[in-house]
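Asks: Following this message is one structure expressed as structure tokens.
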Amino acid sequence: MSNTNSSFWVHKEGHKPELLCGSSASYTVVNGHFIMLVCSTIILGGFLKTLLKNSEVTVLMILSLLGFVIGQLAHNSIEVHKIVYPLLKTPSYSLYCYFSPMIIFMAALDVDFCILKNVFWQVLLIGLVSLLMTFIILGYVVLKFNKDLWDLQSSILFSMIVGMTDPVHSVNSLKTIGISKTYTDIIRGESMIICGFTSICFGVFRSDFLHISMFTEFRVILGLCLDILGSIICGYSCSRIIQFILTDLFSNTLTSIILCISMVYMTFYIGESFGMSGMIALVTVGLNFDSLSFKPRIEVTITKFLIMFSSIYQQLIYTFFGIVIGCGETKYLRFHTVVFMLILFATVNFVRLLTIVLVSPLLMHANYEYNWRWGIVIAWSGIKGIFSLLLAPDIHNLADQKVESPQLFILYVQGISLMTMGINSYMMAHSARTLGLCATSLPRQMAIQNAIKHIQEIIQNTITLFKTEKVLTNVNWTLVEEKTKIEYIIPSDAYNNVSHDDIEEESLTEEVLIEEARLHVAIIQMSSFEKQCNDGILSVEAARILISATKSFCPIQGKFMSIYDVSTYVRARSWLIKFKNMLTSLEYHKDKALFILYGDNKFLLFVCHVVFSEEFEYAGHIITVMYIYPMIMHLWPMARELNVSGLISVNNYFVFLYIFQAAMKIISLKRKYFHQYWNTLEFLIMLVGIIDIFCIYFVKLRPDNFALIQMTVILGYFRIIRFIPFIKLIIPLLINIVDVQIKKRLRLMYSITKGYVKSQEDTKLLIKQISSRESVYQKLYEILETNKRDAVKELGLIEHEGRDVVIALKTRQAIRRVIAKALKNLTFLWSRGIIDKHEGIEMNKVFLAKIKALNNFPMAIPPPTPDKYLHNIVWLENKDVLIEFFKLHSSPPTFGIDSSLRSERGSKSMFTEYCTSGDIIGELSCLLKRETEYTAICETILQACFISLEDLYEGFDVFWPSLEYKIWLKFALSVAYQYFESSLIDEDLEFQKCVTFNLAYVETLSSYNEMTIDNVTMKFVIIVYGSVIDTKTEVPYLAPCILPKTCEQIQGTSDLSKLLVVQPSDPAKNTDDPKVMVSTGLRMSQREYNWKRKYEERNFPLSWNRSQTTRIQLP
């Protein structure tokens, strides 16, 4: 048979694609029922997959056999042959282009590039060693044991195809048993490298490049490198386009999916049409994607679509190639065919085992978790799949000598593929279970048990709460408790089997528990980064950097990532600052102050006026521009020989202009002329020009002096330095560009640091669920608190370095969060039917447009003046009467306290807190009239404004009782959000709304006084100061703490306790209960009013002390 392969788009003139197997049509070809065959295959595959859920290889085997039967019927029946004829006349390269793009993209999308990047060189080495071993050993076996007399080129191509590892099926069995993603990504990365390299080699064979008469090894290697580099560039460029499509706020899910799939195929076809590898291009696209590359919740939808198409494509491929095999002559199917297939299967696994043995030392050095057990599992991962099958027909198409049974190429590949899918997949999973690699470690078992206990407690509390509802009084609660009891069996380690009841008593060292907890902390932090990004708090770039840094530090045993590690990972802005300083030093400045030095000397005044004018500067640049053409003629030998005298005259003229320019500046500036680097450079250019003129003159006098001629030629080339002053025009532009980049870097670093701080706070809320051992909990808490303090300190330093940039970023983030809150409320109103669909879509577009407009938000906003910070104090409510009162009764901004007013007694440091511009210190001290000392260590220069206790309480009396209550409310809200943000995230507890609409209010509870909690009118009751006790269970609760729903009555156990009561969105009106007498507006509760009067009757001294002050830190 002649060559069956042809271009996917056009056939070469005079060449039509021939049939791979079977006979050509001896009848008039009409439109048959091939589409019905395709649909029937898809339906049958779906039914089989539903019935055989855990055996995909069985489904593919049944479809392959069914295809073989259909092929045999087509071989003997014209009617069936008409149905399958469209498949038989389709070029094999077309099938490759139809099916492979979607599957390789799905495989690459599932790989974590951050993990693969850390082990890239190891994975590359595994792939190259595997290719080499396959090429040598498998090629020898094919030539030695095959009786079909294949030529050398066919044997080489066959060994390359059989050596390909399928990136999808090679890890499927491992993913279902919980194997570490690091090892699945190593296997997938190696398989994608092999598939990409093989696709390039087949592309080289298809292009007939090897048959060119000027063929050399260097040209082949250079062509391969250019193909790989071009494919990567093409893939990266297309990935940027796809990411832009997927992250567009105005695109809906269906449009995004259609455009994404279309761009996948377009990327593949662009790469293939330009002679590159479409497979490598798509691998690059997939690796550039992560969870942050999609809009929230769209990643799951796209992944489901990819899995669906991939499954359908695999079923069609195995059915189609079963048909192709069946259309061939059965006389070539002999006993030796089965024997040779078994030999190939054994050889493939032997090559895989030999490859892992050779690279195991390197993997052990690169990953501290790798051992011989992992080597055994990975040795079984040489599973072959659809990529080998799609390239199998090209062996016959590209062979030098055609064989009589081309279907055997496909038969061997399809047989080995099904055998490895069945046997190797089972052996991988069985080895992993037997060797204990999928078992849960003891610290992990303890963490899971803690989580299960926590969930069980939540379930029990929910049941207890439901029992109080009147509607559910006749429910069989015994059955409810029985059905909701969690029974989770934790996989145990065969080598270290410990019963679940004895886990708590198992003597685990603290280092082991902390190491396990460290990995949990990293997972929690990455989840926090992703959530912040989805909520608009963190930019995509910052979140991606933080997640990548966390994954990079995970393999380092015992390493908790600090903010300094992140800064090192980012390689921050130091080189930008140095580059800007260098540019600033090179920037040209005119010293116009010299005008006053010359008195009435009109000539000098005229010269100075000329030199310092813009026209004089422009004239110098025009002279340089005019010299471009003479310089080109001087460097062009033919033009130089024809215009020697003219070039000499032009050179003399321009040197004269340089002399005149320098003379004018020297007359004006005198000795200061050489203080500027640029003036010194221009003077040097003038001297070189003068020397050049003299050398030319001396050459005319001594034309036989060879050394003089050489020197003149060299000086002629030195004329190019006359263009260096052009850099003066570029420097201001470069400084502006560097300034923008520095601001971007500062903004990025601040966003990264802020996100890191938030992740530390989120992690601290969950460390109790990580480990129940108190020593481990304390160690983790100290580490997280230390890292948080370092990050907060870094925030202050970044803000001091670029305050205008940070203010702009904070403002932008505040706008983003407000709009996000509005979108959430819009979704709620939409879901309840208050807003119809059309109105909801239009309003949603308005909010999305505002979010998109933030991309053009100013990069820097000037900081406010010190007086403006008073407007940002929430309890002043931006009211002029309050602001003016405290302006009059507070000290002006100062740089410190007089040492004579400072107390000399010693103090003990209890905790450290980092503050920044606009922060307030000492509110609680003033409210309680208790002395609290603050030691301020200023990292940067600042000013502070002091309000004395006497002035503050004078304000309380003037604006009584609203002002004091507002400060307590602000304090209570800040404490609640600081410790219980996750519980209050759905509550709209803005200070102004709480004051106006009573969404939340503060209750005061003195010692031994009681308070009844009504769960109907009180959604949350949070202790923000003091302590209480449950009068029923006598369980104590210390601030800060959210009281459980089961708590019905509490009693104060401290002199003063403050509780923040959060009401439901539509609270029941119950004004008859005297214990919940709360007025709307600015009035205090009755209980708080009584406490205030009693507290003042105790005659606390109102003497003012410097330590009893509220400090407002100002810039």
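Per my numbering, the very first residue in the sequence shown carries number 465; after that it's consecutive. Note that CB positions come from ideal geometry on N, CA and C, so glycine has one too. Every value quoted in this text rests on a predicted model; they were computed, and no experiment measured them.
1. Mind checking whether residue 649 and residue 747 have CB atoms under 7 Å apart?
2. For residue 1539, which residues of its own chain have a beta-carbon under 7 Å away from its beta-carbon, when the five flanking residues on both sides are left out?
3. Taking C-beta to C-beta, are residue 859 and residue 623 nearer than 7 Å?
4. Can you give me the C-alpha to C-alpha distance between residue 723 and residue 772, rounded to a whole angstrom?
5. Can you give me the C-alpha to C-alpha distance between residue 544 and residue 503, rounded to a whole angstrom?
6. Roughly how many whole angstroms lie between the Cα atoms of residue 1334 and residue 1294?
7. Note down, in chain order, each residue of its chain lying with its Cβ closer than 8 Å to the Cβ of residue 696, except the 5 sequence neighbours on either side.
8. Tell me the DSSP bridge mates of residue 1475?
9. Going by CA-CA distance only, name the one from 774, 733 and 541 that's closest to residue 568.
10. Is residue 1190 buried or exposed, if buried means 16 or more other CB atoms sit within 10 Å of its CB?
11. For the beta strand (DSSP E) that residue 1468 lies in, which residues bound it at each end?
12. Using a threshold of 7 Å, state whether the C-beta atoms of residue 1279 and residue 1327 are closer than that.
13. Please give me, in chain order, every unbroken run of the alpha helix (DSSP H) with length at least 4 that falls completely inside the segment 546–610.
14. What residues in its chain sit with their C-beta under 7 Å from that of residue 511, if we drop five residues either side in the sequence?
15. Compute the Euclidean distance between the alpha carbons of residue 1072 and residue 1111, then round it to the nearest angstrom.
16. Determine the closest residue to residue 791 out of 549, 1430 and 815, with distance taken between C-alpha atoms.
17. Per DSSP, what are the beta-bridge partners of residue 631 in this structure?
18. Using 8 Å as the cut-off, can you tell me whether the segment 1477–1493 makes contact with the segment 1253–1267, which would need three or more C-beta pairs spanning the two stretches below that distance?
19. Taking Cβ to Cβ, would you say residue 1013 is nearer than 7 Å to residue 1219?
20. Report the option in 884, 1096, 1022 and 615 whose CA atom is closest to the CA atom of residue 865.
21. Identify every run of the alpha helix (DSSP H) within the segment 828–886, keeping only runs that are complete inside it and at least 4 residues long; order them along the chain.
22. Please classify residue 1167 as buried or exposed, where buried requires at least 16 neighbouring CB atoms within 10 angstroms.
23. Do you know offhand how far residue 1498's Cα is from residue 1512's?
24. For residue 802, count neighbouring C-beta atoms within 10 Å of its own C-beta (all shown protein chains included) and say buried if the count is 16 or more, exposed if not.
25. Helix, strand or coil for residue 760? Go by DSSP, reduced to three states.
26. Which class does residue 939 belong to by DSSP, given the choice of helix, strand or coil?
27. Which same chain residues end up closer than 6 Å to residue 1080 when comparing Cβ atoms and leaving out the 5 residues on each side of it in sequence?
28. Are the segment 1142–1158 and the segment 1116–1130 in contact at 8 Å, needing three or more beta carbon pairs?
29. Leaving out five residues on either side along the sequence, give the residues of the same chain with a beta carbon under 6 Å from the beta carbon of residue 647.
30. Identify the continuous beta strand (DSSP E) that holds residue 1523 and give its terminal residues.
31. Which two residues bound the contiguous beta strand (DSSP E) that contains residue 1488?
32. Identify, in the order they occur along the chain, each residue of the same chain with its Cβ nearer than 8 Å to the Cβ of residue 1119, setting aside the five sequence neighbours on each side.
33. Can the beta-carbon of residue 1011 be found less than 7 Å from the beta-carbon of residue 990?
34. Between the C-alpha atoms of residue 1537 and residue 1473, what's the straight-line distance to the nearest angstrom?
35. Can you give me the Cβ contacts of residue 1187 inside the same chain, cut-off strictly under 7 Å, excluding the 5 residues immediately before and after it?
36. Is it the case that the Cβ atoms of residue 547 and residue 497 are separated by a distance below 7 Å?
Replies: According to the structure data:
1. Their beta carbons are not under 7 Å apart, which means residue 649 does not touch residue 747 by this criterion.
2. Here residue 1539 scores only 35 on pLDDT, less than 50, and its place in the model should not be relied on; the value that follows carries that caveat. Excluding sequence neighbours, residue 1539 sits near 1475 and 1476.
3. No. Outside cutoff.
4. The alpha-carbon atoms of residue 723 and residue 772 are separated by roughly 17 Å.
5. Spanning the two alpha carbons is a distance of roughly 16 Å.
6. Each residue's CA atom was taken as its position, placing residue 1334 and residue 1294 some 39 Å apart.
7. The answer, listed in chain order, is 744, 745 and 748.
8. 1514.
9. It is 774 whose Cα lies nearest to the Cα of residue 568.
10. With fewer than 16 other Cβ atoms within 10 Å, it is exposed.
11. From DSSP, the beta strand (DSSP E) with residue 1468 extends over 1464–1470.
12. No, these two residues do not count as a Cβ contact at 7 Å.
13. Listed in chain order, the complete alpha helix (DSSP H) runs (minimum 4 residues) inside the segment 546–610 are 556–573, 577–582, 584–597 and 603–609.
14. Excluding positions up to five away in sequence, the list is empty.
15. Cα-Cα distance, rounded: 33 Å.
16. Residue 791 has its Cα closest to that of 549, out of 549, 1430 and 815.
17. Partner(s): none; residue 631 has no beta bridge.
18. The way I'd put it, the segment 1477–1493 doesn't touch the segment 1253–1267; fewer than three beta-carbon pairs between them come closer than 8 Å.
19. Remark: C-beta atoms of residue 1013 and residue 1219 do not approach each other more closely than 7 Å.
20. It is 615.
21. Counting whole runs of 4 or more residues, the segment 828–886 contains the alpha helix (DSSP H) stretches 836–843, 850–855, 857–862 and 871–883.
22. In the assembly as shown, residue 1167 is an exposed residue. Its beta-carbon has fewer than 16 other beta-carbons within 10 Å.
23. Taking the Cα positions, residue 1498 is about 12 Å away from residue 1512.
24. Residue 802 is exposed by the Cβ-count criterion.
25. It is coil, neither helix nor strand.
26. It is coil, neither helix nor strand.
27. Around residue 1080: 1074.
28. Result yes; three or more Cβ-Cβ pairs closer than 8 Å.
29. Non-local C-beta neighbours of residue 647 in its own chain, meaning closer than 6 Å and more than five positions away in sequence, are absent.
30. 1520–1526 is the span of the beta strand (DSSP E), which, as asked, contains residue 1523.
31. Where residue 1488 is concerned, the enclosing beta strand (DSSP E) stretches over 1484–1489.
32. Excluding the 5 residues flanking it on each side, residue 1119 has same chain C-beta neighbours closer than 8 Å at 1150, 1153, 1154, 1156 and 1157, in chain order.
33. For the pair residue 1011 and residue 990, the CB atoms are nearer than the 7 Å cut-off.
34. Confidence in residue 1537 is poor, its pLDDT being 40 and thus under 50, which makes the residue's placement too unreliable to answer from.
35. Around residue 1187: 1088.
36. Yes, these two residues count as a Cβ contact at 7 Å.
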